[in-house]
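Notes for the one structure printed next.
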């Protein structure tokens, strides 16, 4: 009975105050991590240039995520909807480290034909963090 009461209290508090992101990280923490790995801070202007460039391939990040990535995007080949990447618009963006690592690996390979370097990740995150509603 006590555990049911605790559950009810938790549910009521969640309904009143909302829920926090259940993730294990934030976009800012990830940017700092990749900046530390690169030895220099993320640069939002470089991130914007990277995000919108095709790098000699068919796609850029913005091909699917939009330019700017503050609205719902659409996968270039499947047309599957993609949530906005800007953390100011999508509070769940970059809150799960494993998911972020997976998507960086997959998307960088699609856009570049290789994984992104730590500096590139820091720059992309700096750009996405700089975007406001």
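In my numbering, the protein residues as written are 1004 to 1136.
All C-beta atoms in this analysis are idealised placements derived from N, C-alpha and C, irrespective of residue type, glycine included.
Residue from the options with nearest C-alpha to residue i
| i | options | result |
| --- | --- | --- |
| residue 1135 | 1115, 1079, 1089 | 1089 |
| residue 1078 | 1113, 1029, 1036, 1120 | 1113 |
| residue 1080 | 1043, 1062, 1044 | 1062 |
| residue 1120 | 1085, 1030, 1028, 1034 | 1034 |
As assigned by DSSP and simplified to three states, the class of residue i
| i | result |
| --- | --- |
| residue 1069 | coil |
| residue 1133 | helix |
| residue 1083 | coil |
| residue 1064 | helix |
Length of the line joining the Cα atoms of residue i and residue j
| i | j | result |
| --- | --- | --- |
| residue 1014 | residue 1094 | Since pLDDT at residue 1014 reaches only 48, below the 50 mark, its modelled position is unreliable, and the value read off the structure follows with that caveat. Distance between the alpha carbons of residue 1014 and residue 1094: 21 Å. |
| residue 1067 | residue 1051 | 15 Å |
| residue 1056 | residue 1064 | 8 Å |
| residue 1125 | residue 1037 | 5 Å |
| residue 1024 | residue 1104 | Here the model assigns residue 1024 a pLDDT of 43, short of 50, so the residue's position is not dependable, and the following value carries that caveat. Those two C-alpha atoms are separated by around 18 Å. |
| residue 1109 | residue 1118 | 8 Å |
Under 8 Å between C-beta atoms of residue i and residue j
| i | j | result |
| --- | --- | --- |
| residue 1072 | residue 1131 | yes |
| residue 1060 | residue 1116 | yes |
| residue 1137 | residue 1107 | Absent from the model: residue 1137. The displayed extent of the chain is 1004 to 1136, so no value can be given. |
Residues bridged to residue i (per DSSP)
| i | result |
| --- | --- |
| residue 1077 | 1084 |
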